[in-house]
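S.K.: Below is the structure I would like to discuss, written out as structure tokens.
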């Protein structure tokens with residue numbers, strides 16, 4: 001069984017586009033979908049998930065790590081897939097994941113490109129197919145065997161920002177076999193609409209370096225909020 005987990009905070013518009021595609025995957029694969037809403041979600045996403053017969057939970061505490069862990073606890077044994085609401089998977093999404101697991105990998109990520117054609121964004125996207133300093137970000141859609149996820153203890157709920165990088169750090173420390181599937185996801189470029197390319201890249205680089213140097217998560221989050229304008233404000 002494959003379980004797709006979607007952490008969301010007021011993402012009804014993106015879920016309206018994403019859920020129909022995911023439900024089509026259920027026609028060919030044993031698949032469950034869980035939308036994990038933030039504690040203060042207020043856009044009526046529950047009604048949307050009900051229309052598609054998709055499991056939806058509302059988390060009592062804040063934080064994307066909390067949302068993903070809460071959904072993972074409800075998932076059946078098999079493969080967990082953590083997908084952001086503003087990311088569109090390729091048609092071979094589930095079969096690509098299944099193939100990677102059959103090849104002996106315990107986990108993996110996807111390369112991606114943005115939904116906006118821009119030379120500089122293409123440069124960013126190019127590096128998502130490479131294993132490097134930025135590997136493991138949430139937009140790359142982590143998939144992992146549930147038993148491995150549980151053994152690692154799930155996401156650190158005290159890591160209020162960059163919980164994905166922190167988890168990947170533990171994956172590497174524990175020698176978890178992973179791969180990067182080079183079949184692009186399509187990622188929303190919405191944060192670039194209110195911030196320059198240079199501002200986003202410098203901010204991301206600074207945050208990753210500070211994280212790797214052990215900078216406290218709560219301070220990382222505060223710095224992120226100062227550096228990057230996010231009119232859609234997620235809950236992480």
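In the UniProt record's numbering, the protein residues as written are 1 to 236. Glycine included, every Cβ here is placed at the ideal spot set by N, Cα and C.
1) Ignoring anything shorter than 4 residues or poking outside the stretch 62-121, list the alpha helix (DSSP H) runs there in chain order.
2) Out of 48, 227 and 29, state which residue places its alpha-carbon closest to the alpha-carbon of residue 35.
3) Cutting at 6 Å between CB atoms, please list the residues of its own chain near residue 168, excluding the five before and the five after it.
4) What are the uninterrupted segments assigned as beta strand (DSSP E) that are 3 or more residues long and contained completely in the stretch 143-218, given in chain order?
5) Contact between the stretch 115-128 and the stretch 51-65 is defined here as three or more beta-carbon pairs at a separation below 8 Å; is this criterion met?
6) Exposed or buried, residue 128, counting other C-beta atoms within 10 Å across all chains shown (16 or more means buried)?
7) Indicate whether residue 142 and residue 174 have their beta-carbon atoms separated by less than 8 Å.
8) Just mark residue 222 as buried or exposed, buried being the case when its beta carbon has 16 or more other beta carbons within 10 Å.
9) Taking DSSP as the reference, what is the three-state secondary structure of residue 54?
10) Around the Cβ of residue 106, are there at least 16 other Cβ atoms within 10 angstroms (buried) or fewer (exposed)?
11) Assess, as a yes-or-no matter, whether the stretch 185-195 is touched by the stretch 153-163 under the definition of 3 or more beta carbon pairs within less than 8 Å.
12) Flag this pair as yes or no: are the beta carbons of residue 63 and residue 146 separated by less than 8 Å?
13) Is there a Cβ of chain C sitting closer than 8 Å to that of residue 175, yes or no?
14) Is the beta carbon of residue 5 less than 8 Å from the beta carbon of residue 22?
15) Compute the beta-carbon to beta-carbon distance between residue 96 and residue 181, rounded to the nearest angstrom, for a pair I have assumed lies under 8 Å.
16) Here's the rule: buried if 16 or more other CB atoms are within 10 angstroms of the residue's CB, otherwise exposed. What is residue 100?
17) DSSP on residue 129, reduced to helix/strand/coil?
18) From what residue to what residue does the beta strand (DSSP E) around residue 2 run?
19) Which residues mark the beginning and the end of the beta strand (DSSP E) in which residue 32 is found?
20) Confirm, please, whether the CB-CB distance from residue 11 to residue 45 is below 8 Å.
21) Under DSSP, the alpha helix (DSSP H) around residue 23 begins and ends at which residues?
22) Excluding five sequence neighbours on each side, which residues of the same chain lie with their C-beta closer than 8 Å to the C-beta of residue 224?
23) How should residue 33 be labelled, buried or exposed, when 16 other C-beta atoms within 10 angstroms of its C-beta is the threshold for buried?
24) Helix, strand or coil, according to DSSP, for residue 124 in the structure here?
25) Quick one: what's got a C-beta closer than 7 Å to residue 16's C-beta in the same chain, skipping five residues either side?
M.R.: In short:
1) 64-74 and 93-102
2) Residue 35 has its Cα closest to that of 48, out of 48, 227 and 29.
3) 136
4) 143-145 and 178-187
5) no
6) buried
7) no
8) exposed
9) Of the three classes helix, strand and coil, the one that applies to residue 54 here is coil, per DSSP.
10) Buried, since its Cβ has 16 or more Cβ neighbours within 10 Å.
11) No: fewer than three Cβ pairs fall under 8 Å.
12) no
13) Protein chains in the displayed structure number just one, and chain C is not present.
14) no
15) The C-beta separation of residue 96 from residue 181 comes to about 5 Å, placing the pair in contact by the 8 Å criterion.
16) buried
17) coil
18) From DSSP, the beta strand (DSSP E) with residue 2 extends over 2-8.
19) 31-37
20) yes
21) 12-25
22) 161, 203 and 207
23) Residue 33 should be labelled buried.
24) helix
25) 48
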